[in-house]
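Numbering (this note's numbering), first residue to last: 1 to 396.
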């Protein structure tokens, strides 16, 4: 037997319908905020995907066997692809630009709960505004997206920070690359306190305990970036939002506001994360453009929704099932008429009425029509309501 590839998931009809319902809700919320859906290729140049990434992300990129001169890879996140598309249309576009996408990405990671190698992501990007209100809108969209799925503000917490604040707080404690220290801080809640301290030492932090205490402080008014952080927080009228100086986001391209959303019990991985990256467009060859955005993964969201009994249970049963005895031509004609306004399944196999009724029941059919010579001759057929158990006659 051939199994699906490790780190990937098959979705049976009910599961797929549930997932698509969630995606429909997310799409609706994004559109209410004025964002428009785009679609980018799953294959990009490795140079684009690896540019401005840390070693950890580079190692997770799925590369393709080289065909010709260009080295290609599967997208590991959407932000570089969005940036490429924006740059290629930058002159013609009126700013700000508000785009979103819901599709798959690939990373070579160790599969575990909430983490897969192929996974769906809801990605949102805003180009052309460096104002605090743009960051606040992005975070608001993330919050309202979760609420649209049935979650309440008491179910999750939004940790907000600013990279400038974080860099200012740690620069006196390190003699090495600050980005490496930030990547360790980003892992704080994913490792034990002992391992966290050891990792900080390994990247050159000289006074580990003092740094940890500093990042627990809440008074950062005199620190660079503090006014930006305060401005964003003041614009967010949500009880679930709080300042968190250890929120870092591991990707090196963030320049200002950063945020992450977790379930309030800390049961799952981050539900969502994002922030401001004002230098990427210029570094990728475009005109200097401020940008902010986030990504929200299906893998973790679905775990939380299942835990809260909030996964949509979509009804897939057809409106009508036509049980055919011999009159297949008449059945096809009837189905064509009914399909103008309904979903209809026509029996394709057994001529036994009992077997057909069992099959209709297994499909969750709402109504069953038995069509045989007698019904065709009388030009009347019986419709059985499977839930109520009642029957009524209708003219052909």
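All C-beta atoms in this analysis are idealised placements derived from N, C-alpha and C, irrespective of residue type, glycine included.
Distance check for residue j and residue i, CA to CA, integer angstroms please.
i: residue 169; j: residue 279; result: 22 Å
i: residue 93; j: residue 87; result: 10 Å
i: residue 132; j: residue 256; result: 10 Å
i: residue 259; j: residue 4; result: 34 Å
i: residue 390; j: residue 383; result: 8 Å
i: residue 10; j: residue 19; result: 12 Å
i: residue 380; j: residue 335; result: 15 Å
i: residue 116; j: residue 286; result: 33 Å
i: residue 209; j: residue 201; result: 10 Å
i: residue 254; j: residue 97; result: 19 Å
i: residue 143; j: residue 8; result: 28 Å
i: residue 363; j: residue 317; result: 5 Å
i: residue 313; j: residue 393; result: 32 Å
i: residue 228; j: residue 220; result: 11 Å
i: residue 130; j: residue 292; result: 8 Å
i: residue 185; j: residue 249; result: 9 Å
i: residue 233; j: residue 274; result: 15 Å
i: residue 73; j: residue 49; result: 8 Å
i: residue 245; j: residue 276; result: 16 Å
i: residue 261; j: residue 387; result: 42 Å
i: residue 42; j: residue 89; result: 19 Å
i: residue 102; j: residue 34; result: 16 Å
i: residue 199; j: residue 188; result: 10 Å
i: residue 236; j: residue 207; result: 35 Å
i: residue 82; j: residue 95; result: 15 Å
i: residue 395; j: residue 24; result: 38 Å
i: residue 178; j: residue 40; result: 33 Å
i: residue 76; j: residue 215; result: 30 Å
i: residue 32; j: residue 329; result: 47 Å
i: residue 361; j: residue 385; result: 11 Å
i: residue 252; j: residue 340; result: 54 Å
i: residue 213; j: residue 238; result: 27 Å
i: residue 69; j: residue 91; result: 30 Å
Measure the beta-carbon distance from residue i to residue j and round it to whole angstroms, keeping in mind my assumption that it falls under 8 Å.
i: residue 294; j: residue 368; result: Not really, about 47 Å apart at Cβ, beyond 8 Å.
i: residue 159; j: residue 247; result: 4 Å
i: residue 29; j: residue 140; result: About 10 Å; that fails the 8 Å criterion.
i: residue 120; j: residue 104; result: 6 Å
i: residue 122; j: residue 296; result: 4 Å
i: residue 353; j: residue 370; result: 6 Å
i: residue 126; j: residue 271; result: Actually they do not touch by this definition, with Cβ atoms about 20 Å apart.
i: residue 205; j: residue 165; result: Going by Cβ atoms, the distance from residue 205 to residue 165 rounds to 17 Å, so no, they are not a contact pair.
i: residue 319; j: residue 355; result: Rounded, the Cβ-Cβ distance is 21 Å, inconsistent with contact.
i: residue 109; j: residue 60; result: 6 Å
i: residue 349; j: residue 331; result: With a Cβ gap of about 13 Å, residue 349 and residue 331 do not count as contacting.
Could you check whether residue j and residue i sit closer than 8 Å to each other, using their CB atoms as the reference points?
i: residue 263; j: residue 304; result: yes
i: residue 156; j: residue 124; result: no
i: residue 58; j: residue 284; result: no
i: residue 300; j: residue 114; result: yes
i: residue 137; j: residue 240; result: no
i: residue 357; j: residue 323; result: yes
i: residue 372; j: residue 338; result: no
i: residue 46; j: residue 63; result: yes
i: residue 151; j: residue 308; result: yes
i: residue 282; j: residue 288; result: yes
i: residue 180; j: residue 203; result: yes
i: residue 37; j: residue 27; result: yes
i: residue 80; j: residue 112; result: no
i: residue 162; j: residue 225; result: yes
DSSP three-state call for residue i: helix, strand or coil?
i: residue 249; result: coil
i: residue 224; result: coil
i: residue 354; result: helix
i: residue 112; result: strand
i: residue 194; result: helix
i: residue 181; result: helix
i: residue 244; result: coil
i: residue 269; result: coil
i: residue 332; result: helix
i: residue 258; result: strand
i: residue 138; result: helix
i: residue 320; result: strand
i: residue 172; result: coil
i: residue 397; result: With the chain represented from 1 up to 396, any question about residue 397 goes unanswered, as that position is not in the structure.
i: residue 3; result: coil
i: residue 117; result: coil
i: residue 74; result: strand
i: residue 124; result: strand
i: residue 367; result: strand
i: residue 163; result: helix
i: residue 205; result: strand
i: residue 234; result: helix
### Query
For the segment 369-396, which segments carrying the beta strand (DSSP E) assignment without a break, of at least 3 residues, lie completely within its bounds, in sequence order?
Entirely contained in the segment 369-396, the beta strand (DSSP E) runs reaching 3 residues are, in chain order, 380-385 and 391-395.
### Task
With a floor of 4 residues, list each alpha helix (DSSP H) that falls wholly inside the segment 16-62, ordered by position along the chain.
Segments of the alpha helix (DSSP H) lying fully in the segment 16-62: 46-50 and 55-60.
### Task
Could you tell me which uninterrupted beta strand (DSSP E) segments, each at least 3 residues in length, are contained entirely in the segment 76-106, listed from first to last along the chain?
Entirely contained in the segment 76-106, the beta strand (DSSP E) runs reaching 3 residues are, in chain order, 97-106.
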